[in-house]
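Visitor: Below is the structure I would like to discuss, written out as structure tokens.
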Amino acid sequence: MPEEALALPGGVGLSRWFLRRVLSRISIGHLTIFTPDGERLCSAPGLPGPQATMILNNWRSMRRLLLDGDIGLAEAYRDGDLHTPDLTALIELGARNDATLRKLVSGAWPARLLNRLRHVLNANTRRGSRRNITAHYDLGNEFYGRWLDASMMYSSALYETPDQTLESAQQCRLDRIVAMLDLSGGEHVLEIGCGWGALAERLAREGCRVTAITLSPSQLEAARQRVAAAGLSDRVTIELRDYRDIAGQFDRIVSIEMIEAVG
């Protein structure tokens, strides 16, 4: 298939038109774009802010930008479809012009159509939720362990000081959650979306009986190992189960940053 056919609908001409539209929306900084055939396109000169250059090695990068926005742009860079001599400047320029650029890309009809179709296909039905969670979290526990702290908590930490470590901030977040649950000891707590088991372990140490559920086989295995290593398996039950299939009564129910997985 000719490379031009992989660009935007309408070919290279429409790709250039779209690039000019992007450049016209730059209000902070300056962006220079070199097209695959060597044409040089620039945003308005003289604006303060980051000075960035983007070199399109082929027209596929345009299709990816239109259909997938900033994620498509990142994947195009990863795959060598585009290049920049200063990635930091390009990212900063995109971030500082985000409001106008995002509206331009997400407002294009191919992007709207594709996003609507993706939303339908990725709906969080029982089957869809398990598929979506597996695709996200089953990249491998080793992968997440390379950049999370020892608690392996993936949701937002609570920083009380600017120089606080990630591990300390995550412990502060656990302290806050435990305080909000107002535990006296002995409660049966349901945790929906237990991740790698840090909160379940903490609740068990607070004297609770914990039922924790996840849709990720990798997280299930790691969470069970964590609880067993802590000697708390008699207080914590971890299951591979959808929250919609849970029955029974609980004294507390807790779920941390999983609203996007609710169907």
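Using this note's numbering, the first residue of the sequence shown is number -7, and each one after it goes up by one.
Glycine included, C-beta positions come from ideal geometry on N, C-alpha and C.
The structure displayed is predicted, hence computed values, not measured ones.
#1: Per DSSP, VAL181 forms a beta bridge with which residues?
#2: Between THR76, ASP29, LEU57 and ALA81, which lies nearest to PRO40 when the distance is taken from Cα to Cα?
#3: Rounded to the nearest angstrom, what separates ALA68 and HIS180 at their Cα positions?
#4: Run through DSSP, which three-state label would CYS34 get?
#5: At what residues does the beta strand (DSSP E) containing ALA222 begin and finish?
#6: Classify ASP73 as buried or exposed, calling it buried when 16 or more other Cβ atoms lie within 10 Å of its own Cβ.
#7: Taking LEU216 as the reference, give the member of ARG236, ALA190 and ARG197 with the closest Cα.
#8: Report the partner residues of ILE47 according to the DSSP bridge assignment.
#9: Where does ILE83 fall in DSSP's three states?
#10: CA-CA distance, LEU85 and ARG138?
#11: Going by other Cβ atoms of all chains shown within 10 Å of its Cβ, with 16 needed for buried, is LEU232 buried or exposed?
#12: So what does DSSP say about GLU213, is it helix, strand or coil?
#13: For THR76, which residues in the same chain have their Cβ closer than 8 Å to its Cβ, ignoring the five residues on either side in sequence?
#14: Is the beta carbon of ILE169 closer than 8 Å to that of TYR235?
#15: Please name the residue in TYR146, CYS164, SER147 and MET145 whose C-alpha comes closest to that of THR153.
#16: Considering SER53, what are the terminal residues of the alpha helix (DSSP H) in which it resides?
#17: Nearest CA to the CA of ILE251: which residue from ASP155, TRP188, SER147 and PHE242?
#18: Is DSSP giving GLU231 helix, strand or coil here?
#19: CA-CA distance, ALA91 and ASP226?
#20: Would DSSP call MET172 helix, strand or coil?
#21: So ARG12 and ASN89 are supposed to be a Cβ contact under 8 Å. How far apart are they, rounded?
Guide: Once the coordinates are examined:
#1: Counting from one through the sequence shown, the residue named residue 181 turns up at place 189. In DSSP, VAL181 forms a bridge with VAL202 and ARG244.
#2: One-based indexing of the sequence shown puts residue 40 at position 48. Cα-wise, what sits closest to PRO40 is ALA81.
#3: Residue mapping note: residue 68 aligns to position 76 of the sequence shown, counting from 1. Residue mapping note: residue 180 aligns to position 188 of the sequence shown, counting from 1. Each residue's alpha carbon lies about 48 Å from the other.
#4: On the sequence shown, position 42 is the one that residue 34 refers to. In this structure, CYS34 counts as strand in the three-state DSSP scheme.
#5: Taking the first residue of the sequence shown as 1, we reach residue 222 at position 230. Note, ALA222: premise wrong, no beta strand (DSSP E); not H, not E.
#6: Taking the first residue of the sequence shown as 1, we reach residue 73 at position 81. By the neighbour-count rule (16 or more Cβ atoms within 10 Å), ASP73 is buried.
#7: Start at 1 with the first residue of the sequence shown, and residue 216 comes out as number 224. In the sequence on display, residue 216 carries Arg and not Leu. Nearest of ARG236, ALA190 and ARG197 to ARG216, Cα basis: ALA190.
#8: Here the question's residue 47 lines up with position 55 in the sequence shown. Paired residue(s): PHE26 and HIS75.
#9: Translated into positions along the sequence shown, residue 83 becomes position 91. Helix.
#10: Numbered from its first residue, the sequence shown carries residue 85 at position 93. Numbered from its first residue, the sequence shown carries residue 138 at position 146. Taking the straight line from one Cα to the other gives about 29 Å.
#11: Here residue 232 is taken as the residue at index 240 of the sequence shown, counted from 1. Exposed, since its Cβ has fewer than 16 Cβ neighbours within 10 Å.
#12: Residue 213 sits at position 221 when you count from the first residue of the sequence shown. In this structure, GLU213 counts as helix in the three-state DSSP scheme.
#13: The count along the sequence shown starts at 1 and reaches residue 76 at position 84. These residues qualify, in order along the chain: ALA44, THR45, MET46, ILE47, TYR69 and LEU82.
#14: Residue mapping note: residue 235 aligns to position 243 of the sequence shown, counting from 1. Residue mapping note: residue 169 aligns to position 177 of the sequence shown, counting from 1. It is not a contact, given that the beta carbons lie outside the stated cut-off.
#15: Position 161 of the sequence shown holds residue 153. Closest option to THR153, Cα to Cα, is CYS164.
#16: Here residue 53 corresponds to residue number 61 of the sequence shown, with the count starting at 1. 52 to 70 is the extent of the alpha helix (DSSP H) around SER53.
#17: The residue given as residue 251 occupies position 259 in the sequence shown. For the residues ASP155, TRP188, SER147 and PHE242, the minimum Cα distance to ILE251 belongs to SER147.
#18: Position 239 of the sequence shown holds residue 231. GLU231 falls in the strand class under three-state DSSP.
#19: As a working note, residue 91 is residue 99 in the sequence shown. As a working note, residue 226 is residue 234 in the sequence shown. If I take the Cα positions, the gap works out to 51 Å.
#20: Translated into the one-based positions of the sequence shown, residue 172 becomes position 180. If DSSP states are grouped into helix, strand and coil, MET172 belongs with the helices.
#21: To locate residue 12, count along the sequence shown from 1; it is residue 20. To locate residue 89, count along the sequence shown from 1; it is residue 97. No, ARG12 and ASN89 are not in contact; Cβ-Cβ is about 15 Å, not under 8 Å.
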